[in-house]
Amino acid sequence: MDLSKSPIFSLMGRRMSWLSQRQTVLAHNISNADTPDFKPHDLTKASFRKMVSGATESSVKMDRTRASHIQPVRRDDDFRADKVKETYETALAGNSVVLEEQLMKVSETQGAYNLATNLYRKHVKMLKLAIGQER
């Protein structure tokens with residue numbers, strides 16, 4: 016059984032890959048905190064809609080067979096794009112890396128990565144339990 020083909024494991028793997036890449040970008044920002052005219056970078060947030068768009072297109076769609084049935088509800092305002100923030104401050108040398116901000120992002124990324132690995136571990140444990148290998 017190839018777990019990478021499972022949708023949940025595929026999504027968690029992609030999430031962990033994105034978080035790993037974000038951690039690399041944040042480390043690059045911190046290492047250039049004293050470089051003149053350096054602007055901090057960050058990855059764009061992963062869109063849940065983009066992640067599951069392939070799954071929803073191929074899945075069975077709801078259909079009303081009678082006029083008295085309730086129409087399926089879909090609200091587009093549930094998903095909004097985040098606006099790009101300006102930097103908090105800029106040094107005289109033109110550097111706009113704020114170490115506190117970068118460290119908060121590093122901590123946030125680490126927490127999200129730990130959550131993803133714990134979910135991954137729990138799903139593997141659940142599969143082992145289902146096939147009778149967990150003791």
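Terminal number for the sequence shown in the working numbering: 150, no gaps in between. For glycine and all other residues, C-beta sits at the position ideal for the given N, C-alpha and C.
- Helix, strand or coil: how does DSSP classify residue 104 here? In the sequence shown, the residue the question calls residue 104 occupies position 89. Residue 104 falls in the coil class under three-state DSSP.
- Can you say whether residue 117 is buried or exposed, counting buried as having 16 or more other CB atoms within 10 angstroms of its CB? Here residue 117 corresponds to residue number 102 of the sequence shown, with the count starting at 1. It counts as buried.
- Message: With a threshold of 7 Å on Cβ separation, who are the neighbours of residue 50 within its own chain once the five nearest residues in sequence on each side are excluded?
- Response: Here residue 50 refers to the residue found at position 35 of the sequence shown. For residue 50, where only same-chain residues beyond five positions count, the Cβ hits under 7 Å are 110.
- Task: For residue 139, count neighbouring Cβ atoms within 10 angstroms of its own Cβ and tell me buried if that reaches 16, exposed if not.
- Result: Position 124 of the sequence shown holds residue 139. It is exposed - the Cβ of residue 139 has fewer than 16 other Cβ atoms within 10 Å.
- Query: When DSSP labels each residue in this structure, what does residue 81 get in the three-state scheme?
  - Reply: Reading the sequence shown from its first residue, position 66 is the one you call residue 81. Residue 81: coil per DSSP, three-state reduction.
- What are the boundary residues of the alpha helix (DSSP H) that includes residue 129? Sequence index remark: in the sequence shown, residue 129 carries index 114 (1-based). Run containing residue 129: 114-146, per the alpha helix (DSSP H) assignment.
- Message: Considering only the alpha carbon of each residue, which of 84, 25, 125 and 104 lies closest to residue 42?
- Response: For this step, residue 42 is matched to residue 27 along the sequence shown. With distances taken between Cα atoms, residue 42 lies closest to 125.
- Query: In whole angstroms, what is the alpha-carbon distance linking residue 35 and residue 132?
  - Reply: Against the sequence shown, residue 35 aligns to sequence position 20. Against the sequence shown, residue 132 aligns to sequence position 117. Cα-Cα distance, rounded: 12 Å.
- Message: If you reduce the DSSP assignment to three classes, tell me which class residue 55 lands in.
- Response: Your numbering for residue 55 matches position 40 in the sequence shown. Coil.
- By how many angstroms is the C-alpha of residue 27 removed from the C-alpha of residue 93? Looking up residue 93 in the sequence shown gives position 78. Looking up residue 27 in the sequence shown gives position 12. Residue placement at residue 93 cannot be trusted, given a pLDDT of 42 that sits under 50; what the coordinates show is reported in the next sentence. Cα to Cα, the separation comes out at about 22 Å.
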